[in-house]
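Residue numbers (the numbering used here), protein chains in the order written: chain A, 1 to 368; chain B, 369 to 600; chain C, 601 to 928; chain D, 929 to 1234; chain E, 1235 to 1484.
C-beta atoms are modelled at their ideal positions from N, C-alpha and C, and glycine is treated no differently.
Predicted, not measured: the structure shown is a model, and the values here were computed from it.
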Ligand SMILES: Nc1ncnc2c1ncn2[C@@H]1O[C@H](COP(=O)(O)OP(=O)(O)OP(=O)(O)O)[C@@H](O)[C@H]1O
Ligand SMILES: Nc1ncnc2c1ncn2[C@@H]1O[C@H](COP(=O)(O)OP(=O)(O)OP(=O)(O)O)[C@@H](O)[C@H]1O
Ligand SMILES: [Mg+2]
Ligand SMILES: [Mg+2]
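See the structure below:
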């Protein structure tokens, strides 16, 4: 029995994207609760802060976590631009940063850091799944649609990594665009074999509903990432049924741990968990395993090695870290569905990649 | 008709009206005289509810008005031509006239055509905005606007400021005719000589107090009043 | 004429708030900033310093806005653009290996001044709310430009390899060093703005705010003075951007969203318009309240929002007005 | 770039413009006419959408939901007016900015507190769902046509109200000199209160109308508020006619620009460069439009003469 | 006349269909006090706007001190010695009376692009400003915020500001409007004192003042000059009586 473990959660809890942060927070807290309020057998103190999706705010607050609250681990953030901002202050201070969502490429390749672990994925990977599926299914002409920002552009690049057919059009809408009527008109006119989109949050809700309203859902297959998931389905509802996405997990993944997790989460929060909750839950389990195996948390090297071992049972099944601190895991094609109880969730259609590592890992030359 | 008693008003800490009492009877023309800054406009503002007097009483046709909001006081039958014109700059001349027009007390004596008859210049400029009028035209508009509310008591505060002599004479003429119709009027003006034959009684205000009160005849008979209070 | 008709020239000064009020509040503010690190040494030093550094950086930005907003009635709704320009000057140069603070600073100030000159010259054609919106337009254009700079991270922004180098050495690396560097900048800006406001130039600027036509009728062309003030304000805000990039060691378009510009206006009004140190107090109040309240509850904005409303309703002249220390 | 596409996109632009107009109209009334900068106008739009969502969920019928949402939005506007805004009319614009900013913070968080952070779902009403063929081979959703129609109706109503009624004149008069209006026998406070409530209701109406096609979420009004300001500034503050034309212009430029900017640039640049510049340029277009218009007409297209 | 200090040639200005000034041709001689009278809305203020540069002329020329100033900005005209007052008081209400005047002094003495030094402590500016305030009898009100001055005092301040620009020509738009007897007598005295030292164009509806002060009088009706001449000539002119004076002046 050592001293207390301190964990800082830095998540986006205000603004339109607050749902994602809430899911992650709830997932993490659920795991901690299930473990009796302990990590690795030690008392744990979880400090939650809101990054407000502002990089400069995040920097100050994360310094507060590191220096005032003296946390051993920072878990966060949701968004890549916040990750870019807090990465340096956390890792420079010798504290471990574990991301339950954002997995930007800068930190996967040359910029990898021994103190940074993505428990989620590398950002491109879900898009790669969609590209691979499009390729496998033999689609010749695909229409791409994404918000005009960095993550959107990265998503398109990720899709094209495995898709070799024709890109009919790469359509960019302004970030936070909510009305897709004109894009859909263009899309319908182009008559592609499939559409691929990356349209997170409220944008995805609107796109899916308008796609359905325009009568396209039954005509042109809808491939996506981060667009149709448990954070958006409550608002998309029937409109999303049958739409496809790339993911590393789905609530119906058939493992005992996962079943128990989904049931517990739904009981506790009256909502179907999404991958944000799952990653955060996994992160807590990962920390549990690491803390258990080291005596002294100030022995950074030992902690690092313990984390890198990933000696825990992930809800995803197979899970290990690559040399760059990003996971090597399986990826699936998932589909939105309505459960018998009337709730909506994504369900696994097929496995697309097995033990898949990201494309940047080879550039990472671990310093330590 | 209008009875003002012991009216007291301050601007913040500065007390301006100390004790103002006078009355206007039905059909009468009464003037408020006094040098610059003696409190005439303040008296009018206090009567109209634009300022909040902290003492005294204003009674109009038996109804106590002090403390009532301005629009109630106006609705009771007081029509104001304010100092400094204050026409509505973003309304056209015609809109300025009709926007607040009312006939609260029987058939209206003042209608658009009658006002245009009184001030033909306004008719010519009827679709100009208030801000695009010359100073004098604005003055005419302010008078017309007050008449259009068909007040029982018309209050004019410096209504002839900046008017050409001809127009000024016309306004006096108009007041004379209004008086002939039985209109009660309270006037403030600098040109006393024109007012003496027109008005029934005069109230001279000096430093927030009524310094002298009397009829036109008394004023004409006592040159020292003009000398002392008005420096004419 | 009575005896005070021709006072001696020494007595000709405009009446002013007593010296204590005039100088007391700013002296207190700066003393507090200067001593804060000593107090901070008891607790989470790096965090407190970082928080206060952020406050001071925003104070510089807000103060530069106060210069045109409080004294010139030029409500710029695109002021955060200069934060962005200053920050990107650092980020872009650093990503090409130019890490000298001097070079970066010159670039930051130069680019800000140039942007202010060009957009100001156009914006000044309009007045009032139209001015507010045209400055917003320029701010937005710059924001969208930054988000499309894929080479520099687009929306995700870019991380700096380190803070700017002074004379080739990483002198700003330490929290203390950087804190006092920022404090120095804040003090410098404050003294500069103070001087400008009281100067001939500032007097014309203030006059043009009250009555531009009158100023023309005595022979001034307000446009040139207002444009000059706009450029000065933009340049100072560029300095704030330079510092912000160094503080966070990160550069992002998020620094120049319209919400940020709006917050700067709110900060200035909250502190008290046209007093310069009001902007500093406003920045401190805004950021510290945000920090403290958000520590209590996730729904802190439901407390913060009404607080702002109450300040407006019951404290004319912002926080300074509430303290009764307002003048000028 | 087919003609069908062009027509559809034009209709979309119009529909977007109409929504902008519904929001901008209330804003221009309150701002232009009463000289009150109400940043909280955007959250009133959001509140309208939430009310529509809540009432629709409650009654199971969008029409009923809308019918209940409108008076509630009006009442909500009136409450805000009485509690806060009426104390700000004679204040500086900047005081108004600060106070209404506080209101935004509060309300954005409050809806999250009440309805949660996740977007809400409102189904398109049955009779207005589906599309109709407006020309051979040209399908367009009925609901969006309904929005266009509603917007045109409101535009006509407003224009008449402001420019050709006594109430409109009084409001304009009160904007410049409220004490004088009341000294002429009009209860200006009540009039302002009604105008304000009406403006809030218009914004709420816009929010309610878009609820079935857009997601209802906290902060949904913030960006639209800015666009509404763009609209009223281009149109000339206080001019309902200006707001109408500017709203349509902004809607069209934005929609068409997004769809065709790259295509047009392709005439001058090679394809890669064209789509890249097009992408960078598209979101800036309305701001470029506004800056250009203000450059040549510093008081907007239809300046209200003062 | 070659010796005119201000010469207006065929000046026109229309607002829409309304011809406000219509072919105004007028000479003002050095040192004279030239009054312009005319009915309300005749275009007097507009004419002052045109001459001072506040309003652009549609056509015609303005020659001042033998130079064409038609295209110059208001500020440039001020620097050449053309000053004006406003019919509707136009001062800087938040500034003290002294600072109002000091700014006008500052405008013509040295550069105003100085960012350092406390302008309100510049003795040179303040002392000169003080002298102008004293000239209009406002010396004792120097440090009062000008917004708090009484109406009549504001009119005086307006005059002091104009004087502080050290003009050759003063354009005064109804300096007596709104002043009481006592105050207006004082303003008339001030004007009498200025007469001769400055060339003055005076617009007034106060006929006593006009006829006692003016060297020459021009009458503007519907934008046209219908008469120019010595006061007694103009007063006797039947056209002027019909259009403007009425019987009051008789
Ligand atoms: N808003 C105000 N704030 C402070 N003092 C004021 C205000 N308005 C007027 N006063 C003061 O109140 C006194 C009376 O002013 P009032 O306007 O009633 O005078 P008046 O008799 O109408 O003068 P005038 O003939 O110049 O119009 C004056 O000394 C004036 O300075
Ligand atoms: N901006 C404008 N737009 C349209 N018409 C205007 C404008 N400004 C003035 N006018 C009109 O021009 C005419 C002349 O106005 P001006 O102010 O020059 O008259 P004035 O001779 O000074 O009259 P007063 O003696 O009453 O001050 C008026 O009929 C007025 O309505
Ligand atoms: Mg008065
Ligand atoms: Mg005039």
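Residue 358 of chain A is classed as buried because its beta carbon has at least 16 other beta carbons within 10 Å across all chains shown.
Residue 408 of chain B has its CB nearer than 7 Å to a heavy atom of ligand 1. Less than 8 Å divides the Cβ of residue 98 of chain A from the Cβ of residue 73 of chain A. Between residue 901 of chain C and residue 1042 of chain D, the alpha-carbon positions lie close to 14 Å from each other. Between residue 1019 of chain D and the set D:1141, D:1224 and D:964, the nearest pair of CA atoms involves D:964. The residue from A:213, A:55 and A:161 with its alpha-carbon nearest to that of residue 1060 of chain D is A:213. In terms of beta-carbon proximity, residue 822 of chain C stays away from the interface with chain D, with every pair separated by 8 Å or more. When C-alpha distances from residue 1282 of chain E are compared across E:1263, E:1314, E:1302 and E:1247, the shortest belongs to E:1247.
About 6 Å separates the beta carbons of residue 1318 of chain E and residue 817 of chain C, which is inside the 8 Å limit, making them a contact pair. Boundaries for residue 772 of chain C: no beta strand (DSSP E) harbours it, and the DSSP string shows neither H nor E there. Counting along the chain, residue 541 of chain B sits inside the alpha helix (DSSP H) bounded by residues 533 to 548.
Taking a contact to require three or more Cβ pairs closer than 8 Å, the stretch 1269 to 1280 of chain E and the stretch 1325 to 1343 of chain E do not qualify as touching.
For residue 1385 of chain E, the Cβ falls inside the 7 Å cut-off from some heavy atom of ligand 1. At least one heavy atom of ligand 2 sits closer than 7 Å to the Cβ of residue 496 of chain B. Around the CB of residue 1442 of chain E, fewer than 16 other CB atoms lie within 10 Å, so the residue is classed as exposed. For residue 1420 of chain E, the nearest beta carbon of chain C is not closer than 8 Å to its own beta carbon. Sequence-ordered contacts of the stretch 1318 to 1332 of chain E with chain C read 1318, 1319, 1320, 1324, 1325, 1326, 1327, 1328, 1329, 1330 and 1332 [C-beta pairs closer than 9 Å]. Residue side-chain check: residue 1274 of chain E places its Cβ nearer than 7 Å to a non-hydrogen atom of ligand 2. With a minimum length of 3 residues, the unbroken runs of beta strand (DSSP E) contained wholly in the stretch 1041 to 1099 of chain D fall at 1059 to 1063 and 1066 to 1069. Residues are counted here when their Cβ sits less than 9 Å from a Cβ of chain D; for the stretch 704 to 729 of chain C these are 719, 722, 723, 725, 726, 727, 728 and 729, given in chain order. Three or more beta-carbon pairs drawn from the stretch 638 to 649 of chain C and the stretch 773 to 782 of chain C are found closer than 8 Å, and the two stretches are therefore classed as touching. Under the criterion of beta carbons closer than 8 Å, residue 545 of chain B and residue 518 of chain B do not qualify as touching, at roughly 15 Å. Across the stretch 511 to 524 of chain B, CB contacts with chain D closer than 8 Å involve 513, 514 and 517, in sequence order along the chain.
Within the DSSP bridge table, the entry for residue 10 of chain A names A:49 as partners.
Against chain A, a Cβ distance below 8 Å from residue 1143 of chain D picks out 178, 202, 205, 206, 209 and 235. Residue pairing for residue 423 of chain B: DSSP places it in a beta bridge opposite B:376. Sorting A:146, A:216, A:104 and A:100 by C-alpha distance to the C-alpha of residue 12 of chain A places A:100 at the top. Using a cutoff of 7 Å, the CB of residue 1421 of chain E does not count as near ligand 1, since none of the ligand's heavy atoms is closer than that. If one requires a minimum length of 4 residues, the alpha helix (DSSP H) runs lying completely within the stretch 1360 to 1407 of chain E are 1385 to 1398, in chain order.
Separation of residue 1480 of chain E and residue 403 of chain B (C-alpha to C-alpha, rounded to the nearest whole angstrom) is 27 Å.
Separation of residue 687 of chain C and residue 760 of chain C (C-alpha to C-alpha, rounded to the nearest whole angstrom) is 10 Å. Residue 1308 of chain E and residue 638 of chain C have their C-alpha atoms spaced approximately 57 Å apart. In the assembly as shown, residue 270 of chain A is an exposed residue. Its beta-carbon has fewer than 16 other beta-carbons within 10 Å. Within the model, the alpha-carbon separation for residue 1327 of chain E versus residue 423 of chain B is close to 31 Å. Closest by C-alpha distance to residue 144 of chain A, out of A:133, A:170, A:151 and A:165, is A:170. At a threshold of 7 Å, residue 384 of chain B counts as near ligand 1, since its beta carbon sits closer than that to one of the ligand's heavy atoms.
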